[in-house]
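Chemist: Questions regarding the structure given below will be posed in turn.
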Amino acid sequence: MTDWVIETQQLYKSFGTTRAVDGVALRVPRGVVFALLGPNGAGKTTTLRLLMGMYIPDAGEIRVLGGPPGAARQRLGYLPEARGLYRQARVAELLVYLARLKGLDARTAERRAQAWLERFGLADWARRKVHELSHGMQQKVQLAATLVHDPDLVILDEPFQGLDPVNVRLVDEIIRELQAQGRTVLLSSHQLHRVERLADQVALIHRGRIVEHGPLTALRRRYMQGRIAVRLAPGGTLPADLPGVVTAQPAEEPQSWYLQLAPQASPQQVLFALVQAAVPLEGFEVVQPSLEDIFLQAVAGQEPVLAAA
Ligand code: ATP
Numbered sequence: 001m002t003d004w005v006i007e008t009q010q011l012y013k014s015f016g017t018t019r020a021v022d023g024v025a026l027r028v029p030r031g032v033v034f035a036l037l038g039p040n041g042a043g044k045t046t047t048l049r050l051l052m053g054m055y056i057p058d059a060g061e062i063r064v065l066g067g068p069p070g071a072a073r074q075r076l077g078y079l080p081e082a083r084g085l086y087r088q089a090r091v092a093e094l095l096v097y098l099a100r101l102k103g104l105d106a107r108t109a110e111r112r113a114q115a116w117l118e119r120f121g122l123a124d125w126a127r128r129k130v131h132e133l134s135h136g137m138q139q140k141v142q143l144a145a146t147l148v149h150d151p152d153l154v155i156l157d158e159p160f161q162g163l164d165p166v167n168v169r170l171v172d173e174i175i176r177e178l179q180a181q182g183r184t185v186l187l188s189s190h191q192l193h194r195v196e197r198l199a200d201q202v203a204l205i206h207r208g209r210i211v212e213h214g215p216l217t218a219l220r221r222r223y224m225q226g227r228i229a230v231r232l233a234p235g236g237t238l239p240a241d242l243p244g245v246v247t248a249q250p251a252e253e254p255q256s257w258y259l260q261l262a263p264q265a266s267p268q269q270v271l272f273a274l275v276q277a278a279v280p281l282e283g284f285e286v287v288q289p290s291l292e293d294i295f296l297q298a299v300a301g302q303e304p305v306l307a308a309a
């Protein structure tokens, strides 16, 4: 039997006439990086707040770490969307204080706070007051506060928000480390491309509903659009009628095209035709659908609103 760290059934939550969460069923297995993805206003934060016990659902069941929401706080680390640290507090003291609230003894709290400040490159800022730190640095302190008590389950609401590319990579690395240690990470993001290489499993949410979910590799296979990228050697030309190809669109690079395959056509068939026609090839690649491609297909016919990077 699968060990679900988070399990919800038919969750509903409305604010006035707005159905923020509309029948959400989520299952997060232990030890995975799970991404809840969708555009602004899709219902991600509301879902996470329901999991944290900050909102009471209108209807539905929630189990987190085997109990009701809010029951296992010491095993759980939560990075809220609305960030806010005590601005007058000194960074290290604040982390130690928050760690002690989670049940750590003073020495362990100090050791862990120090270790996380070093990991985030903030050791030199330990004695400074929070308001002296830049926005991105405060964000890293808040992440340190989320992780300082070594939680089994980490819930991160938009963890990349406000971070520069170097720090995005650092947070990526830390999420992978948490997973390698057997912890479970549930993160939300409206920036689908950010989690392309990070998430094992995803749930795509649109207008409060999960429109697609599952292991990312399985989704990519299922949404494989039958697209091929080809690059020809200089002077080579693409034959007008290639069997199995519906359209050929020029790509950004010179001598390169995207070929859209007919539903029954296979990449092998196209490669064979190209070789038979003696087309000088420099590149031939079956294109994987991106998370954004998958999202757009999953909500096709509805009205997708994807936020820019
Ligand atoms: P974003 O990426 O912009 O943070 P989200 O996916 O986290 O979006 P939610 O914050 O869960 O979306 O909001 C879902 C819907 O519920 C939105 O229409 C939002 O306006 C509404 N909503 C959320 N919280 C409240 C609230 N406290 N009161 C009233 N409406 C709310």
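For the sequence shown, our numbering begins at 1 and goes up steadily by one. Here a beta-carbon is modelled for each residue, glycine too, at the ideal position from N, C-alpha and C.
On the criterion of 16 or more Cβ atoms from any shown chain inside 10 Å, does Val166 qualify as buried, or is it exposed?
Modeler: Taking the first residue of the sequence shown as 1, we reach residue 166 at position 166. Exposed: under 16 other Cβ atoms inside 10 Å.
Chemist: Considering only the alpha carbon of each residue, which of Ala300, Ile294, Gly236 lies closest to Tyr223?
Modeler: Position 223 of the sequence shown, counting from 1, holds the residue named residue 223. The shortest Cα separation from Tyr223 among Ala300, Ile294, Gly236 belongs to Ile294.
Chemist: Kindly indicate which residue of Leu11, His135, Gln297 has the alpha-carbon position closest to the one of Asp310.
Modeler: This structure does not reach residue 310, given that the chain is present from 1 up to 309, and the question cannot be answered.
Chemist: Are the CB atoms of Leu186 and Phe15 nearer to each other than 9 Å?
Modeler: Locating residue 186 in the sequence shown gives position 186, where the first residue counts as 1. Locating residue 15 in the sequence shown gives position 15, where the first residue counts as 1. In this structure, Phe15 does not lie closer than 9 Å to Leu186 by Cβ.
Chemist: In whole angstroms, what separates the C-alpha of Leu79 from that of Thr47?
Modeler: Along the sequence shown, read from residue 1 onward, the residue named residue 79 stands at position 79. Along the sequence shown, read from residue 1 onward, the residue named residue 47 stands at position 47. Cα-Cα distance, rounded: 14 Å.
Chemist: Could you pull the DSSP bridge partners for Leu156 from this structure?
Modeler: Against the sequence shown, residue 156 aligns to sequence position 156. Bridge partners of Leu156: Leu79, Leu187.
Chemist: Report yes if the CB atom of Val275 is closer than 9 Å to the CB atom of Gln260, and no otherwise.
Modeler: Start at 1 with the first residue of the sequence shown, and residue 275 comes out as number 275. Start at 1 with the first residue of the sequence shown, and residue 260 comes out as number 260. Going by C-beta atoms, Val275 is not nearer than 9 Å to Gln260.
Chemist: Thinking C-alpha only, which one of Asp105, Glu118, Leu133 is nearest Arg90?
Modeler: Here the question's residue 90 lines up with position 90 in the sequence shown. Among Asp105, Glu118, Leu133, the Cα nearest to that of Arg90 is on Leu133.
Chemist: Can you tell me which residues form a DSSP beta bridge with Lys102?
Modeler: One-based indexing of the sequence shown puts residue 102 at position 102. Answer is none; Lys102 lacks a bridge partner.
Chemist: Looking at His213 and the ligand ATP, is the gap between the Cβ and the nearest heavy atom below 8 Å?
Modeler: In the sequence shown, counting from the first residue as 1, residue 213 sits at position 213. False, no ligand heavy atom lies under 8 Å from that Cβ.
Chemist: Evaluate contact between the region 233-249 and the region 203-218, counting only Cβ atoms and requiring at least three cross-stretch pairs below 8 Å.
Modeler: No, because fewer than three Cβ pairs between the region 233-249 and the region 203-218 fall closer than 8 Å, the two stretches do not touch.
Chemist: Fully enclosed by the region 104-151, which alpha helix (DSSP H) runs are 4 residues long or longer?
Modeler: The region 104-151 contains these whole alpha helix (DSSP H) runs: 106-119, 135-147.
Chemist: Nearest CA to the CA of Ala277: which residue from Pro239, Ala300, Ile56, Gln249?
Modeler: On the sequence shown, residue 277 is found 277 positions in, with the first residue counted as 1. Minimum Cα distance to Ala277 is reached at Pro239.
Chemist: Quick one, which of Leu291, Thr146, Arg128, Gly66 has its alpha-carbon nearest Arg100's?
Modeler: Along the sequence shown, one-based indexing puts residue 100 at 100. Comparing Cα positions, the closest option is Thr146.
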